[in-house]
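Asker: Residue numbers (UniProt numbering): 1 to 316.
We treat Cβ as the ideally placed atom computed from N, Cα and C, and that holds for glycine.
From a predicted model like this one, the values you see are computed outputs, not experimental measurements.
Okay, here's the structure, questions in a sec.
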């Protein structure tokens, strides 16, 4: 529910999924809010259709999201490459459960991180979040949409059965703190660009983003490697430049990542490392060990990739 509320607060208007435990609660919740909040919650025939629907919605200018579990994400991997190649913003929620294959559908696990980090062939930037609490879940989705559109990349939020099926009391979310960064150029700005190119080379690697219904310009992209206009190309030099262009965005994206929380201090002899929903259990373990005289702290990640190397190495 917190992930769903965060999506609505962020202005998500299209969500598609094929039901798969433990992610099903997201589309179930949003389906009940479609009329009230003017959004589409589409149950697709399979995960491949679900992610491609969301890609189409995002390309058309709508904030879009998909939700699945590890097995469903396996089916989405080719389309994840389409997101990377076309630089189409997308938020993906991957709610983990034990695998491989069907695995244990009603149990929890944290086994998909390496898979999600390296999914799809080739190279393109992505961001990976792993909320620790309901509050984290809400705000991580808001930030995920902003980064996805600002940098035109996929942002993957890693949940799991423990986080999905836990209930807790929390303070009311302060919607005044929700800031929306669409990363889309306005019609006025677009009109000033004489020769619009969807994949224009820029110093940051981020091209001006318009969408097809905007007046007076043609917006083209392709799953094949393409030139600045979005037309497919077999030119090796152009292909090399495009790969470098897309990867260049990692530098600025990395500056947006919050470092891990360290509790209670950074100078302990032993540091436990965790991420995502393990926060509560690990923090309790640290408190118990400290009471027993052990010099221990916790380093816990909620924003995993790009990895905050400098911060981590300064402590470890």
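Put residue 32 into one of helix, strand or coil per three-state DSSP.
Answerer: Three-state result, residue 32: coil.
Asker: Could you give the first and the last residue of the continuous alpha helix (DSSP H) run that contains residue 147?
Answerer: 134-151
Asker: Closer than 7 Å to a non-hydrogen atom of the ligand PLP - does that hold for the CB of residue 299?
Answerer: Absence of the ligand PLP is noted for the structure shown, with no ligands found whatsoever.
Asker: Leaving out five residues on either side along the sequence, give the residues of the same chain with a beta carbon under 6 Å from the beta carbon of residue 62.
Answerer: 13, 14
Asker: So what's residue 20 in DSSP terms, helix, strand or just coil?
Answerer: coil
Asker: Looking at the structure shown, is residue 68 part of a helix, part of a strand, or coil, going by DSSP?
Answerer: strand
Asker: Out of 190, 296, 297, 6, which one is the CA nearest neighbour of residue 139?
Answerer: Nearest C-alpha to residue 139 among 190, 296, 297, 6: 6.
Asker: State the Cα-Cα distance for the pair residue 197 and residue 166, rounded to the nearest angstrom.
Answerer: 46 Å
Asker: Which runs of the alpha helix (DSSP H) at least 4 residues long sit entirely within the segment 229-274? Give them in chain order.
Answerer: 236-254
Asker: Give the single residue among 98, 10, 298 whose Cα lies nearest to the Cα of residue 177.
Answerer: Looking at the Cα atoms, 10 is the closest of the given residues.
Asker: When DSSP labels each residue in this structure, what does residue 160 get in the three-state scheme?
Answerer: strand
Asker: Do residue 55 and residue 82 have their CB atoms nearer than 8 Å?
Answerer: Yes, the pair counts as a contact, with Cβ atoms nearer than the cut-off.
Asker: Could you tell me which whole alpha helix (DSSP H) segments of length 4 or greater appear in the segment 149-219?
Answerer: Counting only runs of 4 or more, we get 161-164, 187-191.
Asker: Name the two residues that bound the continuous alpha helix (DSSP H) containing residue 285.
Answerer: 279-291
Asker: Between 100, 105, 50, which lies nearest to residue 80 when the distance is taken from Cα to Cα?
Answerer: Comparing Cα-Cα distances from residue 80 to each of 100, 105, 50, the minimum goes to 50.
Asker: May I ask which residues mark the beginning and end of the alpha helix (DSSP H) holding residue 3?
Answerer: Counting along the chain, the alpha helix (DSSP H) containing residue 3 begins and ends at 2-9.
Asker: Under 8 Å, with one C-beta from each stretch per pair, do the segment 289-306 and the segment 129-139 reach the 3-pair mark?
Answerer: In short, these stretches touch, since the Cβ pair count reaches three.
Asker: What's the call for residue 321, buried or exposed, on a 16-neighbour Cβ count within 10 Å?
Answerer: In the structure as shown, the chain begins at 1 and stops at 316. Residue 321 is therefore absent and cannot be evaluated.
Asker: I need the DSSP call for residue 317, collapsed to helix, strand or coil.
Answerer: This structure leaves residue 317 out entirely; the chain is present only between 1 and 316.
Asker: Just the C-alpha distance for residue 163 and residue 90, rounded to the nearest angstrom, thanks.
Answerer: Going from the Cα of residue 163 to the Cα of residue 90 covers about 22 Å.
Asker: Relative to the C-alpha of residue 206, which candidate in 151, 110, 259, 170 has its C-alpha closest?
Answerer: 151
Asker: Which same chain residues end up closer than 6 Å to residue 333 when comparing Cβ atoms and leaving out the 5 residues on each side of it in sequence?
Answerer: Because the chain here runs from 1 to 316, residue 333 falls outside it and cannot be looked at.
Asker: Out of 295, 312, 306, 276, which one is the CA nearest neighbour of residue 95?
Answerer: 276
Asker: Counting beta carbon pairs with one atom in the segment 173-193 and one in the segment 145-159, are three or more of them shorter than 8 Å?
Answerer: Touching, yes, given that three or more Cβ pairs across the two stretches are closer than 8 Å.
Asker: Taking the beta strand (DSSP E) that residue 40 falls in, what are its first and last residues?
Answerer: That run of the beta strand (DSSP E) goes 40-43.
Asker: When burial is assigned at 16 or more other CB atoms within 10 Å of the CB, is residue 245 buried or exposed?
Answerer: buried
Asker: Fully enclosed by the segment 55-139, which alpha helix (DSSP H) runs are 4 residues long or longer?
Answerer: 70-86, 113-118, all fully within the segment 55-139.
Asker: Any idea which residues DSSP pairs residue 296 with across the strands?
Answerer: 270
Asker: Alpha carbon to alpha carbon, how far is residue 236 from residue 26? Give it in angstroms, no decimals.
Answerer: So the alpha carbons of these two residues sit roughly 42 Å apart.
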